[in-house]
Every structure is written in structure tokens, then in C-alpha cells.
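Here is the structure we will look at.
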Amino acid sequence: MAFANYLNPETFKEAKRILKDGSTSQIIKSISQKIIRGDALSREEFIYLLGLKDSPDRKALFNLANAVRRDNVGETIFIKGIIEFSNYCKRDCTYCGIRASCKVKRYRMEPDEIVEVAIDSAKHGIDTIILQSGEDPFYTTDIMIDIIKRIKVDARRPISLSIGERTPEEFKLFKEVGASRCLLKQETINPYIFKSVHGSDYEIRISLLKMLVSLGYIAGGGNIIGLPNQTLGDIADDIIFMRDIGIKMTGIGPFIPTKNTPLENHPVGSADITLNAYACTRLAIPTIFMPTTTALGTIDPGLQYEGFEAGCNVIMVNFTPDNYRQVYRIYDNKRKVEFYETVHELLKRGKKLSFSIMKALREEEMV
Ligand code: SAH
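Add 7 to a position in the sequence shown, counting from 1, and you land on the number used in the numbering used here.
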């Protein structure tokens, strides 16, 4: 299917600029031509783009990704609010600081408290409420249904789940009672790496993610950049996988080493490759909801804002009550992305926020 130029004026303009630019390579020129035609990029092309270091080609990649973003999802930056409601986890993923065998202080928020925090976050006008936790069977099907239903009625914002693996039947029920989005990152599509780092079954996780798509969820995939033995080819495969199965949201973040985990001495993931992966994913899935992640902001807060120059259009702010947030240590020194600070920074940088956020800010006389 070819891009109609009149529907993608920014992309067309940017691609033409790259074609005329004497400082960019033939490879990025031919990639630009493919983007104009609406042709899918190849694994080799993604590998080339993922490996770009500071250069005219990298600048061109970011500009192209941002043009694709503007043409397909507009200028708005969406702010989602995350509530980390439990750090109990039955899995033992080697990268994660709340893995079952890590000795950390554990907490569970009561359903009443989760609903209360959700209502408070909704008052800020946030675009989605994300409920995140370790894999915690304490929250049975019925308890989850009750929480989702109450948030749906009282907070009236879209609900996104990020609670790990549940049965297909549970995901179906959660959707029926009001969860419209679900994030279940593949973490890596390379089965050998997955099996070496993740505490669950590769085939089950991948089939669940595909099932979320077929259930009609706005389904979220994503990976960790910088896992042991991961190559640029693996990251290209992650992007192609998400494109081919119909993923609509993604969480792509650098690996952050965490004390007392098997990967505590493994180096931090590359911020450059993460930013390149954002741009590639925007080219691969033009309409994707893609946050610039807290993990990237944990390396450096300024880097998180650079994500918006590489095709991202979402940021997640944290509404977890502080006493819990401090022990929701999926990785060390996890940055607190705070609502007002984020809004302030985005407005300062001239970004456009959604209608509901602006309305809430006006009501509080913040703008
Ligand atoms: N238990 C849920 C939610 C996980 S926490 C699930 O398994 O789906 C959300 C994300 O944090 C994970 O999907 C993982 O990609 C990321 N994460 C965990 N530990 C990390 C680390 N050390 N560095 C970077 N990202 C990490």
C-alpha cells in the first residue's frame, strides 16, 4: 500500500529533504524512498539504522520518524498515569529487582486504595490509567474484575493493564469489564535470550501477546535494550515482530543493572540504541503509542525528553503513593516521573498536550 502524499505531507517533505541532502548516505536515501512509497523496511535496513552513531544519517532518521509521527498521530504528547499496586511477583526474571527471589520489602495495595489513587490520577486529566504490578496471584480474577469495574465507573479514563501473564479467559473478562489496553512486553523475541532471562515460558508469553491483539485490546509489546548476548539483529526482529502481529503500543527501554539480581554486573543498555529503536519503531508502525521510557530517564532525565525528538508520543507519570513507590524497585535508582514537573517541562519545550490534560490544568489554574 502506497503512502498518499497528501495524507503524509510532513513525511514526504522530510524524505525529499534527505534525498537532496549531500551529507546523508545512499542507504538512508533509499530508506526514505521506501518510506515515501509505503514499503516495509527490511531487517538489514533496521540493523543499519539501529547502529547509527551521531551523524547526518542519524539526524535524518530522527527527523523522518518525527515527520511520520506528526502525519499519523499528530503533535499531541499523551501523558499516562501509572499505579504500581503490588511488588509481589511469582516470576524470577534475572533482570528484575522485584523477582521472587529478591529480598525486598513487599507491599500490596488494597482495592479501595487502588481505586482512590486512580480517581485522583483521573482528576489530573491523564490520558490512560495504567495498573502495573509483579505477577501477583493474590489479585484473583474476581478482585481484578472488581478493581477494573470500579475504576471504569468512578475514574472514567481508559484503563491499561500491565500485570504480567494471566489466562486467555481472564484477559477476555478484564476486557469485557472495561480494560481496553494491555501491555505484555515480549522483552526479547529471541527465544534463547528470553529463556535465559525470563521466568516464564516463551511460547506462552508470545501466544498471549498475539491473543491480546485478537481479543481487540490495544495491545502493547516491547523489549529491553542491552540484554546479555542481544544483537542489533535481535532488536530489529523485535520491531518486525511487533509490526507483523499488530501491536499498537510499545515499551522500549534500556536495561538497568539492579543490585542483588543475577544481572547486577551486566552493563547498562545503550541510550543511543534505545533512541534509534524508537525512531525505527515509528517508521515500522506509524500510528503506535510509544512512550519515551522511565528506564531511559533513569540513565539521564534529559535523555527521556530526547525520545520526543526520535518519534515518541507518550510519557508515563507516576501516581504510586511514595511509601510504595520507593520499594517498587524493578531496577535501581528508578526515576520518579512526576506529573506537574513533566507537564511543566513539556510545555516549556513547546509540546502540545491532550485536551483532557489542558482542561484539568486550566481548572487548577496551572496554565
Ligand atoms: N510483571 C509485569 C510488569 C513488569 S514491570 C510483566 O511481566 O509484564 C514492567 C517492565 O519493566 C517489564 O516489562 C520490563 O521490561 C521492565 N524492566 C524490569 N526490570 C528491568 C531492568 N532491570 N531494566 C530495564 N527494564 C526493566
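We put the CB at the ideal spot given by N, CA and C, even for glycine.
Original post:
Whose C-beta lies closer than 7 Å to the C-beta of residue 245 among residues of the same chain, with five residues either side of it excluded?
Top reply: 193, 195, 196 and 230
Original post:
In chain order, what residues of the same chain have a beta carbon less than 8 Å from the beta carbon of residue 181, not counting five sequence neighbours either side?
Top reply: 151, 152, 155, 168, 173 and 189
Subject >> Residue-level contact to chain D via CB, residue 177, 8 Å cutoff >> reply: Judged by its chain identifiers, the structure shown contains no chain D, having just a single protein chain.
Original post:
Which runs of the beta strand (DSSP E) fall wholly inside the stretch 201 to 231 and span at least 3 residues, in chain order?
Top reply: 225 to 228
Original post:
Is residue 345 helix, strand or coil by DSSP?
Top reply: coil
**OP:** Starting from residue 164, trace the beta strand (DSSP E) both ways and give me its first and last residue.
**Re:** Note, residue 164: premise wrong, no beta strand (DSSP E); not H, not E.
Original post:
Between the Cα of residue 170 and the Cα atoms of 18, 287 and 148, which residue gives the shortest distance?
Top reply: 148
Original post:
Do you know offhand how far residue 64's Cα is from residue 319's?
Top reply: 19 Å
Original post:
Does any heavy atom of the ligand SAH sit closer than 7 Å to the C-beta of residue 281?
Top reply: no
**OP:** For residue 98, collect the residues of the same chain with a Cβ closer than 8 Å to its Cβ; drop the 5 residues on either side in sequence, then sort them by chain order.
**Re:** 106, 107, 141, 142, 171, 205, 206 and 207
Subject >> Limits of the unbroken beta strand (DSSP E) element including residue 138 >> reply: 135 to 140
Subject >> Collapsed DSSP secondary structure at residue 362 in the structure displayed >> reply: helix
**OP:** Note down the Cα distance separating residue 48 from residue 295, rounded to an integer number of angstroms.
**Re:** 16 Å
**OP:** Grab me the residues of residue 263's own chain with a C-beta within less than 7 Å of its C-beta, minus the 5 sequence neighbours each way, in chain order.
**Re:** 275, 302, 305, 338 and 339
Subject >> Presumed contact (8 Å Cβ cut-off) between residue 281 and residue 259, rounded CB distance >> reply: 6 Å
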